[in-house]
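> Protein chains in written order, with the numbering used here: chain A, 2 to 337; chain B, 2 to 337; chain C, 2 to 337; chain D, 2 to 337.
First the structure, which I've put down as structure tokens, then a few questions once you've had a look.
4 protein chains.
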Amino acid sequence: MADVRDRNQVRVGVAGATGYAGQELVRLLAGHPHVRLELAMASSASSPRRDLPALAHLWDGGVVPLDLDALTEEIDAVFLALPEEASADVAPRLLARGVRVFDLSGAFRLRDGAARAQWYPKTGEVPSSIVYGLPELRRSELPAAQLVSCPGCYPTAAALGLGPLVRAGLIAGDIVIDAKSGVSGAGKAPSERTHFSECHGSVSAYGVFAHRHAAEIEQELGLSVTFVPHLVPLDRGILETIYTRVGAGTSEDTVAETYRAAYAGAPFVRVTGGTLPVIKQVAYTNFCDIGWKLDTKTGRLVVISVLDNLLKGAAGQAVQGFNIAFGFDERAGLLT
Amino acid sequence: MADVRDRNQVRVGVAGATGYAGQELVRLLAGHPHVRLELAMASSASSPRRDLPALAHLWDGGVVPLDLDALTEEIDAVFLALPEEASADVAPRLLARGVRVFDLSGAFRLRDGAARAQWYPKTGEVPSSIVYGLPELRRSELPAAQLVSCPGCYPTAAALGLGPLVRAGLIAGDIVIDAKSGVSGAGKAPSERTHFSECHGSVSAYGVFAHRHAAEIEQELGLSVTFVPHLVPLDRGILETIYTRVGAGTSEDTVAETYRAAYAGAPFVRVTGGTLPVIKQVAYTNFCDIGWKLDTKTGRLVVISVLDNLLKGAAGQAVQGFNIAFGFDERAGLLT
Amino acid sequence: MADVRDRNQVRVGVAGATGYAGQELVRLLAGHPHVRLELAMASSASSPRRDLPALAHLWDGGVVPLDLDALTEEIDAVFLALPEEASADVAPRLLARGVRVFDLSGAFRLRDGAARAQWYPKTGEVPSSIVYGLPELRRSELPAAQLVSCPGCYPTAAALGLGPLVRAGLIAGDIVIDAKSGVSGAGKAPSERTHFSECHGSVSAYGVFAHRHAAEIEQELGLSVTFVPHLVPLDRGILETIYTRVGAGTSEDTVAETYRAAYAGAPFVRVTGGTLPVIKQVAYTNFCDIGWKLDTKTGRLVVISVLDNLLKGAAGQAVQGFNIAFGFDERAGLLT
Amino acid sequence: MADVRDRNQVRVGVAGATGYAGQELVRLLAGHPHVRLELAMASSASSPRRDLPALAHLWDGGVVPLDLDALTEEIDAVFLALPEEASADVAPRLLARGVRVFDLSGAFRLRDGAARAQWYPKTGEVPSSIVYGLPELRRSELPAAQLVSCPGCYPTAAALGLGPLVRAGLIAGDIVIDAKSGVSGAGKAPSERTHFSECHGSVSAYGVFAHRHAAEIEQELGLSVTFVPHLVPLDRGILETIYTRVGAGTSEDTVAETYRAAYAGAPFVRVTGGTLPVIKQVAYTNFCDIGWKLDTKTGRLVVISVLDNLLKGAAGQAVQGFNIAFGFDERAGLLT
């Protein structure tokens, strides 16, 4: 397949390639028809070189220590799957050297300075050429972006699930978002709460009234929400159950047409209507599937939004944004 | 241990002993110090006799075809773990023969005739000596009951989690109940939605605006709720996340004291306060654990209520009600 | 990506597109650069048309009733993911019309007539142009094959794991193959043994001394084996632990070199040496990973072979065989 | 139930009460009719006092720092669920003070000095009054034991599954033991290999030719074995598939009768014959279930042995040994 990959290739590097999202990035970029993956780096300069056995035969370049000089030499774009503190430090330095940056951390997601200082205190100045990388909402802004701040997994599901209704002015009640997440969303570092025997056969709520993704969701919706995430015993995927009310007289057709119009040109959003989507149908894909039920007597609306937290909620969405930013087909390397 | 079991023993039968709740009943009753389990029967007269391998050495009497005559001969109490249509038919006939009945089905749970006709159309007359068998709320009524209608798993978690606050007049907003249930709650009959490969790695919402447990929850709380149950990939256990608001000025202490007072004498309810409970800590037990978080600035309250759907949500609760009804220690046979 | 797909495209149909392997076939073929997927059909002529929600935006052609006439009109190759009885009936009729057939069932896997009559009694004549479609062993035969009989999932893991050592004459003891399989290997039809609550938290052995894959394994190895498969509580993947002995004096280097030589040109076999592979690293890929431990004092050898039962064990392997049969890069459409 | 517990009570302490086996011990002993649980201690003197939320209302005494003086004051028996190094140190000191000790660690399991020095180098002198606490094999020795060294989970399943056949002289071939274990067997300390996302959807072999339980199995069987344990994605339970051959002419009846005779008086061993047992039927119980298949033509025998690694493989077995040692019904506190 060398013939395909020789043309129009962007030279790309990845920093933070050993975490779950980082490995997905390496996998996607190594197989991307318009990318030449040059380097996969760890999260720090002191990490020893290591291989990625799961990616053998796909990417045999290993993961080398973080090295900003190497990461900007004959590289056009860098994906950062780093802890937010590291991203806050590294991203501006890469931008200063003229490399386009796709940051998967939360460091640059919040536009409000006070909120950012609360949740991401290590983030300094935010570059002016930044775009919040939710392609379905910001497709036209991406080509000019130097820094693409990729959304969090929970905010992606919420913004795609509820955004069109909010923008259409249909929402007329409090918003409750009950999220169920696979454990890979908690990252790769072992801990008591992600220990197999603690998660298996269990469900746990966490971060009630204190999860920074709530601020990001509220930013994207422009509305206050009650957001409670839960760990459920699966690896990959998120299901959000969104509870609200629509205004009197809002019909099922209005809701359906609002979604249809919003996602007519969106290859990775699938609106399923009254057939509520499940995690299994989006796991290991870049799709976000959205269904809903409306009780027209009371105006109560329940929206179900599902995605794979490591793909549409992280690495896949970053590649989707990259595709648009560089003028490729939005689906390149993602229709697997 | 024969010395213990000779005294004060009630002669008991079980109908519907092959389902998940039925097997739990047999296990609990076979080991109960004040019970002599006489008979375990299937759900129909045409079911062939079979053994229960998982209960070998605990109950070697097997499961025999349903036979009402045998079930009332020298039997003091019968537990029904039957489909609701069967319970609707069998329970009155057992009562007519003077046997006390503990019914785990939904046939007799709804007091409102219209609601009952909608959700349980096969149920005819409801006997006057019926008690809704939620021991923490009806302890004093149970000794006189001839028919104990045991609550559903979802309503138990909801009524225990929210009931004290409702009765104390603290609730001041809409109520959303987002329930996550293990798959054993869907019963033992194979189906596409309970097929392993469909559930594993997935979460699915079901019964939105159309689950009969919503009617039962509303009956017990006396308030309207939005209730959405979900299947999560585990076997046993329910976690309900309950969203509402409390009135202005309601403090954490008020909430804590309300729960404390409500459950001071309840051996099977454990109030965990701000340490939110998880399913794992109640699976395979008869406990219902309740925790909560209050945002005093906004009055938003999130309550987490967890229990094992086959024990506190079914068989264990029925035995607990039986203990009270017959004057035994509420915990007999249940502290395992 | 239209530019890629216009050239050198083979017109393909799938029969049996609603099962787990069938859906994987549709997904792979719909995204294959050298395939034009024309039709996806059900397993019988009486199945109603249905959609595949998980494949929306990838394959929106739905699944139509089985129709052999339509399946051979302007079609170059057909993949059969049918029950073996249906394949035994359909494959010869397709071949007679000049269509190349890739059969995923067991109908044509056994070459010995007596064994075939025992395990696949519905299979009649076996066409002469048949090739057993294990690409790593039959690469050179595939271009001429009209009927490719794709191996079973268990035999693939066993033949790849042990085959090179057998052919090198290194094996000097009994062979025990203990296989652990995800539940998707049992297919999509609900049953008691694949009911979620029966599989979750459990492991079960089945088919002891009576699994037809044992005959297929013995055919491919040319040796007698003891084979016991087990269901383990995961969806996709197989791990086989193979126990045997090597001859006196066989060193680790000899074993390593034997594998290296066998798989030097095999893109989908990864030999991991003493780092034993796990299912997770091959799930959702077409790789078979093989590791081993040798106790040189006693000659005891343990080989671990892992693969995804729906890809390298079914749909992926079929596409790999198709690629070779039609002269494409072996990896086309499979490096995802 | 105080009336029951006042009579014949043994005063008991637990050291190592925070691990998975330790918590099971506390649960069992707190509800044991002949035990007064006096103290539950951590594994070290420096561990802060903590509560056990899952055991609230069953044992509200918390877990206090390890303190040997307190642990021997008015205490009759101590259960040690400590790391083996700690047990090697603590057990002799408790014995010297006249307390009977039930040790769940491996420190004292191996009788051969050389093997013990290899696998448990911290263990010093082994007291003369020691008994290997497998009740089904050593029932008569337990009443006189001062130190009961409780078997490991893997050796229990193997010794119960194969022991009767070995002692009857029926085994005539190599022995391969392929064990599948739930992850709780790996303990409570978080690690990469027990991280949820690494275990979920995966199976992994470990400790090939290098697991100390192999030495213990060989000690109990008196034969050499090939033993490979695997982690499977469940919490509690072990299934061992044991492969061997029986001598020519050994019939199914001979095997069945051998098991029957061996376990006629064993309340916790259930022989299931040709209906192979599964983990689910023993999880959360103290049973070991054993089934088998014999190929009389070839003499190949496959035995399946299942148990709950935290109960029959650890805490339950220790309590069973305690019951026998103190003259109680073997089942006391265990028939749950």
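Yeah, the Cβ is synthetic: ideal placement off N, Cα and C, and Gly gets one too.
Pick from B/THR19, B/VAL27 and B/GLU39: whose alpha carbon is nearest that of B/GLN10?
Residue B/GLU39 is the option with its Cα nearest to B/GLN10.
> Starting from A/ASP70, trace the alpha helix (DSSP H) both ways and give me its first and last residue.
69 to 73
> Would you be able to state if there are at least three C-beta pairs under 8 Å between the segment 294 to 303 of chain C and the segment 222 to 241 of chain C?
Output reads no: the segment 294 to 303 of chain C does not touch the segment 222 to 241 of chain C.
> Given that a residue counts as buried once 16 or more other Cβ atoms are within 10 Å of its Cβ, and exposed if not, what is C/ARG94?
exposed
> Tell me the start and end of each unbroken alpha helix (DSSP H) in the segment 170 to 249 of chain A that is at least 4 residues and wholly inside, in chain order.
197 to 200 and 213 to 222
> Name, please, each residue of chain A whose Cβ falls closer than 9 Å to the Cβ of D/GLY23.
For D/GLY23, there are no neighbours in chain A by C-beta distance under 9 Å, as the nearest C-beta there is about 14 Å away.
> Over what stretch of residues does the beta strand (DSSP E) that includes A/ALA87 continue unbroken?
For A/ALA87, no beta strand (DSSP E) segment is defined; the enclosing uninterrupted segment is the alpha helix (DSSP H) at 85 to 97.
> How is A/LYS294 classed by DSSP in three states: helix, strand or coil?
strand
> Under 9 Å between the Cβ atoms of C/ALA180 and C/GLU85?
no
> Taking only the alpha-carbon atoms, compute the straight-line gap between B/THR259 and A/VAL167 and give it to the nearest angstrom.
38 Å
> I want to see whether chain C comes within less than 9 Å of B/HIS196, judged by CB atoms only; does it?
True, the Cβ-Cβ gap to chain C drops below 9 Å.
> CB-CB under 6 Å to C/THR195, same chain, minus the five flanking residues each way: which ones, in chain order?
Scanning its chain for C-beta atoms nearer than 6 Å, with the 5 sequence neighbours on each side dropped, one finds around C/THR195 the residues VAL184 and ALA187, in chain order.
> Tell me the DSSP secondary structure of C/ALA78 in three-state form.
strand
> In this structure, does DSSP put D/VAL303 in helix, strand or coil?
strand
> If the cut-off is 9 Å on Cβ atoms, which residues from the segment 293 to 327 of chain B count as contacting chain D, listed in chain order?
none
> So with Cβ pairs under 9 Å, would you call D/LEU161 a contact of chain A?
Not closer than 9 Å to any Cβ of chain A, the Cβ of D/LEU161 fails to qualify, so no.
> On the DSSP letters alone, give me the boundaries of the beta strand (DSSP E) that C/GLU126 sits inside.
Note, C/GLU126: premise wrong, no beta strand (DSSP E); not H, not E.
> For B/PHE24, which residues from the same chain have a beta carbon less than 8 Å from its beta carbon, with the 5 sequence-adjacent residues on both sides left out?
Rather than Phe, the amino acid found at residue 24 of chain B in this sequence is Gln. Counting only Cβ-Cβ distances below 8 Å, and skipping sequence neighbours, we find ALA18, LEU53, ALA55 and LEU56.
> D/LEU335: buried (16+ other C-beta within 10 angstroms of its C-beta) or exposed?
With 16 or more other Cβ atoms within 10 Å, it is buried.
> Along chain B, in chain order, which residues have C-beta atoms closer than 7 Å to that of D/ARG271?
ALA57 and HIS58
> Using a cut-off of 9 Å between C-beta atoms, extract the partners of A/GLY202 located in chain B.
GLY183, LEU235, ASP236, ARG237, GLY238, ILE280, LYS281 and ALA284
> Taking the C-alpha atoms as reference points, what is the distance between C/ALA115 and C/LYS123?
Looking at the two C-alpha atoms, the distance is approximately 13 Å.
> Residues of chain D with CB closer than 7 Å to the CB of B/LEU336, please, in chain order.
Contacts between B/LEU336 and chain D, judged by CB atoms closer than 7 Å, involve GLY32 and LEU59 in chain order.
> Does the segment 230 to 245 of chain A come within contact of the segment 125 to 137 of chain A, defined as at least 3 CB pairs closer than 8 Å?
A contact is defined here as three or more CB-CB pairs under 8 Å, and the segment 230 to 245 of chain A fails this definition with respect to the segment 125 to 137 of chain A.
> Taking just the CA atoms, how far does D/PRO156 sit from D/ALA215?
8 Å
> Hey, is B/VAL5's beta-carbon within less than 9 Å of any beta-carbon in chain C?
Its pLDDT being 39, under 50, B/VAL5 is placed unreliably by the model, and the measurement read from it follows with that caveat. For B/VAL5, the answer is no, since every Cβ of chain C falls outside 9 Å of its Cβ.
> Cβ of D/PRO66 within 9 Å of Cβ of D/SER47?
yes
> With 8 Å as the limit, tell me which residues of the segment 205 to 234 of chain A have their beta carbon closer than that to any beta carbon of chain B; keep them in chain order.
SER205, ALA206, TYR207, VAL209, PHE210, THR227, VAL229, HIS231, VAL233 and PRO234
> Do A/SER130 and A/LEU148 count as a contact pair if the criterion is CB distance below 9 Å?
yes
> Between D/SER44 and A/PRO191, is the Cβ-Cβ spacing less than 9 Å?
no
> Taking the straight line between their C-alpha atoms, what separation do you get for B/CYS289 and A/VAL229?
21 Å
> Using a Cβ cut-off of 9 Å (strictly closer), state whether B/MET2 contacts chain A.
Its pLDDT being 33, under 50, B/MET2 is placed unreliably by the model, and nothing is read from it.
> Since B/PRO312 and B/TYR21 should fall inside the 8 Å C-beta cutoff, what is the C-beta to C-beta distance between them, to a whole number of angstroms?
One point to set straight first is that residue 312 of chain B is Leu, not Pro, in the sequence displayed. Not a contact, Cβ separation roughly 11 Å.
> Looking only at its chain, what residues have a beta carbon closer than 7 Å to the beta carbon of D/MET2, apart from the 5 residues adjacent to it on each side?
Low local confidence applies: a pLDDT of 33 at D/MET2 is under 50, so the model's placement there is unreliable, and no value is given.
> Within the segment 21 to 66 of chain A, note down every full beta strand (DSSP E) run reaching 3 residues or more, in order along the chain.
36 to 42
> Can you find the residues in the same chain that come closer than 7 Å, C-beta to C-beta, to D/GLY73, ignoring five residues on each side of it along the sequence?
Residue identity differs from the one stated: residue 73 of chain D is Thr in this sequence, not Gly. Correct list, in chain order: LEU95, ARG98 and VAL100.
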